[in-house]
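Position 159, counted from 1, in the sequence shown is what the working numbering calls 161; the numbers after and before it change by one each time, with no gaps. Heads up, the beta-carbon is just placed ideally off N, CA and C, and yes, glycines get one too. What follows is a set of notes on a single structure, which appears directly below.
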Amino acid sequence: MTPLLRVRGVTKTFGGVAANVDISFDVAPGEILGLIGPNGAGKTSLFNSISGEVSPDQGDIVLDGQTISGRGPVACARAGVARTFQVVRSFDSMTVLENVMVGAFSRGAGTREAMRSAQDVLAFAGLAGRADAPAHQLTPPEKRRLEIARALATQPRILLLDEMLTGLTPTEAAGGVALVRAVRDQGVTVVMVEHVMEVVLPLVDRVVVLNLGRVLMQGSPAEVVRHPDVIRAYLGDKYAA
Ligand SMILES: Nc1ncnc2c1ncn2[C@@H]1O[C@H](COP(=O)(O)OP(=O)(O)O)[C@@H](O)[C@H]1O
Ligand SMILES: [Mg+2]
Numbered sequence: 003m004t005p006l007l008r009v010r011g012v013t014k015t016f017g018g019v020a021a022n023v024d025i026s027f028d029v030a031p032g033e034i035l036g037l038i039g040p041n042g043a044g045k046t047s048l049f050n051s052i053s054g055e056v057s058p059d060q061g062d063i064v065l066d067g068q069t070i071s072g073r074g075p076v077a078c079a080r081a082g083v084a085r086t087f088q089v090v091r092s093f094d095s096m097t098v099l100e101n102v103m104v105g106a107f108s109r110g111a112g113t114r115e116a117m118r119s120a121q122d123v124l125a126f127a128g129l130a131g132r133a134d135a136p137a138h139q140l141t142p143p144e145k146r147r148l149e150i151a152r153a154l155a156t157q158p159r160i161l162l163l164d165e166m167l168t169g170l171t172p173t174e175a176a177g178g179v180a181l182v183r184a185v186r187d188q189g190v191t192v193v194m195v196e197h198v199m200e201v202v203l204p205l206v207d208r209v210v211v212l213n214l215g216r217v218l219m220q221g222s223p224a225e226v227v228r229h230p231d232v233i234r235a236y237l238g239d240k241y242a243a
């Protein structure tokens, strides 16, 4: 199958720090891909290149045959990339509905259409009852849902989730997992950075492991947890058996 997203030889250095080094992998349409690795491995930097916030020094990122790397966040969003941020970014003084309308406006919707589609997306994300609340009143798990709702309102083809489940209780995380599955079932391809392996591995179709800015390995969840280098670099001894 033709990949939806191709990452080819992406390298990005900040000062002397090599955040990403020659990273290559594909994401198939409809896939949920897990991107894992220790802190500082380069996961968020890679998301920044895919969503256009930064330009790679070398390499290409191609979405459905169109090169999107180096073209900036607006062009990447228009091509169909949406993301959430590790540190939640909501417009605190605006209502939940207005926050999501921002996503709809970014694809050129008029006010009435933006409001209607924002209401639909909020219902999908389980936030319909909070539409009129100021965003700052949301609980932490609700704020994560708001980020996803705003991203979905741009009608993306691929959604990048950066540590969406970090800090949530197991019950809240289970709700997040169900939402990710529902997003994929709507036809949106998902790449998710997560640390909680018990949550990630049952959810994802494939895993790419980053370490020190490079791809350490990629494969199925079962292949990844068996791999000695992954256990050494990241998972630790509890997976060694
Ligand atoms: N804008 C930046 N300026 C300077 N260094 C950066 C910047 N973004 C990332 N880095 C560095 O790149 C490396 C990878 O960071 P990051 O992509 O945030 O890792 P991860 O998300 O896997 O924890 C780190 O050493 C980080 O300090
Ligand atoms: Mg990060």
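Got a sec, what are the start and stop residues for the beta strand (DSSP E) residue 89 sits in?
Taken as a continuous stretch (DSSP letters only), residue 89 belongs to no beta strand (DSSP E), as it is neither H nor E.
Would you mind stating whether residue 160 and residue 83 have Cβ atoms separated by less than 8 Å?
yes
Tell me the DSSP secondary structure of residue 177 in three-state form.
Reduced to three states, the DSSP call for residue 177 is helix.
What does the Cβ neighbour count give for residue 33, buried or exposed, with the cut at 16 atoms within 10 Å?
buried
Compute the distance between the beta-carbons of residue 151 and residue 201, then report whether it is under 8 Å.
no
Locate the beta strand (DSSP E) running through residue 8, then write down its first and last residues.
7-16
What residue does the beta strand (DSSP E) around residue 208 start on, and which one ends it?
For residue 208, the enclosing beta strand (DSSP E) begins and ends at 208-213.
So, residue 215 versus residue 43, is the Cβ gap smaller than 8 Å?
Yes, they are a contact pair.
Any idea what DSSP makes of residue 113, helix, strand or coil?
helix
The alpha helix (DSSP H) with residue 101 in it runs from where to where?
Unbroken alpha helix (DSSP H) run through residue 101: 98-107.
When you compare the CB positions of residue 20 and residue 85, do they come within less than 8 Å of one another, or not?
no
Provide the residue span of the beta strand (DSSP E) that contains residue 161, from first to last.
160-164
Using 8 Å as the Cβ pair cut-off and three pairs as the minimum, do the region 122-142 and the region 90-100 touch?
yes
Give the DSSP-derived three-state secondary structure of residue 118 in the structure shown.
helix
Is it right to say residue 138 is buried, meaning 16 or more other beta carbons lie within 10 angstroms of its own, or is it exposed?
exposed
Tell me whether residue 13, by its Cβ, gets closer than 7 Å to a heavy atom of ligand 4.
Although ligand 4 was asked about, the structure shown includes only ligand 1 and ligand 2 as ligands.
Look at the alpha carbon of residue 90 and the alpha carbon of residue 53, and state the distance between them as a whole number of angstroms.
Taking the straight line from one Cα to the other gives about 16 Å.
Among the candidates 222, 17, 198 and 71, whose CA atom is the shortest distance from the CA of residue 244?
This structure leaves residue 244 out entirely; the chain is present only between 3 and 243.
Rounded to a whole number of angstroms, what is the C-alpha to C-alpha distance between residue 6 and residue 67?
8 Å
By how many angstroms is the C-alpha of residue 80 removed from the C-alpha of residue 74?
10 Å
Does the distance from the C-beta atom of residue 220 to that of residue 232 stay below 8 Å?
no
Among the candidates 206, 9, 117 and 234, whose CA atom is the shortest distance from the CA of residue 61?
9
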